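561 is the number of the first residue of the sequence shown in our numbering; add one for each residue after it. Note that beta-carbon positions come from the ideal geometry of N, C-alpha and C, so glycine has one too. Only a predicted model underlies this, so the values are computations on that prediction, with no experimental measurement involved.
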Amino acid sequence: MRNRKYNSVTILVFDGLSPDFIQEHLDYLPNFRKLMIEGSFGKITSTIPPITISCVASFLTGASSKVTRVFDFREYDPRNLRKEEIIFATRLSIPNIVDLSNYIGFSVGVFNVPFLSPLPKPSKGFVVAGFPLSEKSDYAWPADLLEELRARKYSPEIPQILPNSTDTIDKLIQEMKSRWEIFKELRERYRPLISIAWLSETDHISHYFWHRKDVILRAYQCADRILGDALKQTKKGSLLIVASDHGFMEHKSTFLINSYLKGKGLLKLRKGPLTVFKLLLTKTGMGLRQKSTLLGAITFRESKFTRLIEKFLISREDIDIEKSLAVSLGPDTEFCFVHVLRDEGLDNLVECLKELSIVEDMSIVKEWGQMKTTTIVLRLKKGYICSSLAPWSEKYLIKASNGAITGQHFLEGIAGLYGEGVRSGMEIHARIEDILPTALHALRLPIPDSSDGCPLVEFFEEGRIKEEIKTISKDRIIAYSKIRKLRRAVKDRDKG
Ligand SMILES: [Zn+2]
């Protein structure tokens, strides 16, 4: 029994599942209880900021956001703060699990993982992308699988979410169950050495229904039944890793950091009639949006409608970065990233930020995010969300910015290990970048040297996986994957 390696690993990710909610409702979640008793269970620290795109990048590469450099949903041009392309988890300069599987030659299964574009194409195994890919896109690989899923009317898209609608909740829960069934079917068919199943519905439900504990419990009970099935399916010699990419918390108040900086004279808007007009329109629009739950829901996700409106609203492009001392960029989370535009103003800025009573923690880093400048990272007290919208309000603290969104991402998620050889009843403290290295090491596969995660060896029985950790050069994997892509391009050209 000692020193036997695992013959397969399944990583099951429930998007946004919160450790505190599970602890508080354990009586209703028998399979999470079983996982805690028979396996090891605990908390995972998400990426900073804890947004799904950064988390996906870390799960697929075994690297933290410091290495992946995914800090936001979109890139910004540092010269004028103009929004650029959406960031995808498969456009990074470091290898992901599919690159590694192609290089070494093992099979891999990636199911419903968000932000996969371009679609990674394993030589052995399968990939089915999650949101925001549309059902019309080439969302699955190999090609015959895509055809089959299309024939079965499978869609990677999320159903439209209407707040306070029972119908929405039913649809999402039904969708979560059916995705799990399809994943199982594909895992059975392709028999991948490592598979990742990502279930996003718990995240969407938590955003819109965090104020309704009965609804959240329904979603967690659905996750619990899926977990029960996954535990049952973890046969001798296989390992199950359960994780969430971040947790959730109640969104009480929004902190408008750029409005605060403007109030303190540290940030300036451009002077001109257009900016004044946009400012007026934004104030009116934001007032309406706060009052209307439905309007909040419509404008939450990007659409043609929001892109049209955006043109008339104040944006970061209206910020005069020549005359400003600091600006904040980043997605809405409990973290604020204040970029120092002129070093001589740093002390002044720190003093201003220290005045804030809602700050839990403050640190100064050489650079963070997309701006290559000194950055002050603030973590706000629980319940406060930082919004780095362009300054549109005189007030800098407002009630939750969006009537429809009552739950927001939190830094702590869950992590669990289950299977023969896993120590029972241990409490896990993991980082998101540790998950992939743990899976690779359990299979005695090498870990790319671009990974800064560590295998969670302490939760396995003596001699089970404790041995030298093998690494592999990221450059070799990247070079191989480039050659592969070129070969395929030539093949496709010849065919065409
Ligand atoms: Zn997420």
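Exposed is the label assigned to Asp704, since fewer than 16 other Cβ atoms lie within 10 Å of its Cβ. In its chain, beyond the 5 residues on either side, Phe601, Leu787, Leu791, Val802, Gly976 and Tyr978 have a beta carbon closer than 7 Å to the beta carbon of Leu595. Between ligand 1 and Thr612, a heavy atom-to-CB distance of less than 8 Å is present.
Leu827 sits in coil when the DSSP states are folded into three classes, being neither helix nor strand. At least 9 Å separates the beta-carbon of Phe1020 from that of Leu916. Here the alpha carbon of Arg876 sits roughly 41 Å from the alpha carbon of Phe743. In the assembly as shown, Gln930 is a buried residue. Its beta-carbon has 16 or more other beta-carbons within 10 Å. Taking C-alpha positions only, Ala1002 is separated from Asp1052 by approximately 37 Å.
Separation of Arg1044 and Ser683 (C-alpha to C-alpha, rounded to the nearest whole angstrom) is 10 Å. According to DSSP, Asp637 shares a beta bridge with Arg642. Setting aside the 5 residues that flank it on each side, His969 is surrounded in the same chain by Pro610, His806 and Thr893, each with a C-beta closer than 6 Å to its C-beta; the list follows chain order. Put simply, the region 671–686 touches the region 695–714. At least three CB pairs are less than 8 Å apart. Boundaries cannot be given for Arg902, as no beta strand (DSSP E) includes it and DSSP labels it neither H nor E.
Between Ser624 and the set Asp1012, Ile1037 and Ile1029, the nearest pair of CA atoms involves Asp1012. Between Ala757 and Trp740, the C-beta gap is smaller than 9 Å, which places the two residues in contact. A distance criterion of 8 Å places the beta-carbon of Gly929 beyond contact range of ligand 1, judged by its closest non-hydrogen atom. For Leu759, same chain residues with a beta-carbon under 8 Å away, outside a window of 5 residues either side, are Leu572, Val573, Phe574, Asp575, Asn672, Met736, Arg739, Trp740, Ala783 and Ile786 in chain order. When rounded, the separation of the alpha-carbon atoms in Ser984 and Ala1049 is 49 Å. Two segments are said to touch when three or more pairs of C-beta atoms, one from each, lie closer than 8 Å; by this definition the region 617–633 touches the region 987–997.
The DSSP-derived three-state label of Pro1008 is strand.
When distances are taken from the beta-carbon of Ser578 to the heavy atoms of ligand 1, even the shortest one reaches 8 Å or more. Counting C-beta atoms within 10 angstroms of its own C-beta, Pro833 has fewer than 16 neighbours from the protein chains shown and is therefore classed as exposed. Checking the 8 Å criterion, the Cβ of Asp805 is within range of a heavy atom belonging to ligand 1. When secondary structure is reduced to three states using DSSP, Glu761 falls in the helix class. Secondary-structure assignment with DSSP links Ser947 through a beta bridge to Leu816. C-alpha of Arg751 to C-alpha of Ser1041: approximately 23 Å in a straight line. The DSSP-derived three-state label of Glu954 is coil. Note: Arg939 is bridge-paired with Phe895 and Asp921 in the DSSP secondary-structure output. Taking all protein chains in view, the Cβ of Ser923 is surrounded by fewer than 16 other Cβ atoms within 10 Å, so the residue is classified as exposed. Per DSSP, the beta-bridge partners of Leu800 are Thr570 and Tyr978. If you look at Arg1044, you'll find it isn't in any beta strand (DSSP E); it sits in the alpha helix (DSSP H) that goes Lys1034 to Lys1055. At least one heavy atom of ligand 1 lies less than 8 Å from the C-beta of Ser760. Straight-line spacing of the CA atoms in Ile597 and Ile945 works out to 35 Å.
Pairing Glu882 with Leu839, the inter-Cα distance amounts to about 20 Å. With a cut-off of 8 Å, the C-beta of Asp632 is classified as distant from ligand 1, since no heavy atom of the ligand falls inside that distance. According to the DSSP secondary-structure assignment, His989 is paired through a beta bridge with Lys603.
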